[in-house]
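Reviewing the structure listed below.
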DNA sequence: GTATTATATGAACAAATATTCATATAATAG
DNA sequence: CTATTATATGAATATTTGTTCATATAATAC
């Protein structure tokens, strides 16, 4: 942010002060935006969709999503870091599943919105 | 998608076939991802947060979000194209507001998720 | 030990995107 | 008409991000 911001005209002082008080913190806004950013990619959305009903290994996910093992592995790491999915290892195979109901809920509210437009 | 995908190993054939049937269409996945992409930016999230309680003009939003008129105007266009906000003009001033309850609901479910981690 | 298989990951590249700057448009006031 | 103000927008730039390719790791079988 630069100094030029000072030049800004505030047209509705009262409303603005009221709204400013209701704003959530920059940190929370940032975290929420980062969360939605993760949902904002087709490959990751497909992964979440696939994991909605079953836990799956990397190969299975790659096949279902019509993507490569490497691409999926990269995306699984992102989803895991965001704690949206969990994993468990069985021999060479790693099984992934959704971390909690929230993930499915966010996915579904997104679908609902699109279908209602 | 390339040919190399044919090399993929499918480890759990039965599960995979079941999941494949439950997948939503690529078009819907894409649209939902595009929707979340819009929520996946701090500036736009701030705008949505600001508009949750009042309709606001561009200058007000710029001031509240601590951003510039130009940056906000660009982001408002994106939000409008996605039909997440509406606008009405009164003289020189354009007032923006959230398009429907869904937008607020998505915002809030995101906040909930973050706060519960 | 070696070979094979499932997964992970680093680097490179391409594509997408947010902001800035300059400027255009539109509405009003004088 | 001109000046001013609120908003919009095109182009340029910088940053972020997703995929690919090559390769590394880890587990198992032989």
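Protein chains in written order, with this note's numbering: chain H, 1 to 117; chain Y, 1 to 117. Just so it is clear, CB atoms sit at the ideal spot from N, CA and C, and this is done for glycine as well.
Taking 7 Å as the CB threshold, residue 37 of chain H lines the interface with chain Y. Near chain H, meaning a CB-to-CB distance below 8 Å, the residues of the stretch 22-34 of chain Y are 22, 23, 24, 26, 28, 29, 30, 31, 32, 33, 34.
For residue 79 of chain Y, there are no C-beta contacts with chain H under 7 Å, since the nearest C-beta of that chain is about 13 Å from it. Using a Cβ distance threshold of 7 Å, residue 50 of chain Y and residue 64 of chain Y count as a contacting pair. Within the stretch 37-93 of chain Y, the complete alpha helix (DSSP H) segments at least 4 residues long are 42-51, 58-65, 69-81, listed from N- to C-terminus. Pairing residue 28 of chain H with residue 42 of chain Y, the inter-Cα distance amounts to about 10 Å. Beta-carbon to beta-carbon, residue 40 of chain H and residue 36 of chain Y are separated by about 4 Å, close enough to satisfy the 8 Å threshold. If you draw a straight line from the Cα of residue 74 of chain H to the Cα of residue 19 of chain Y, it comes to about 21 Å. Taking a Cβ-Cβ threshold of 8 Å, the residues of chain H close to residue 64 of chain Y are 16, 19, 20, 23, in chain order.
When the beta-carbon positions are compared, residue 85 of chain Y and residue 99 of chain Y come within less than 7 Å of each other. The CB of residue 114 of chain H comes closer than 7 Å to the CB of 28, 31, 32, 35 in chain Y, given here in chain order.
In this structure, the CA atom of residue 104 of chain H is about 15 Å from the CA atom of residue 107 of chain Y. In this model, residue 47 of chain H and residue 90 of chain Y are separated by some 46 Å (Cα to Cα). Here residue 55 of chain H has 95, 96, 97 as same chain residues with Cβ atoms under 7 Å from its own Cβ, once five neighbours each way along the sequence are excluded.
Going by beta carbons, residue 11 of chain Y and residue 57 of chain H fall inside the 7 Å limit. Contact with chain Y is absent for residue 91 of chain H, since none of that chain's Cβ atoms lies less than 7 Å from the residue's Cβ.
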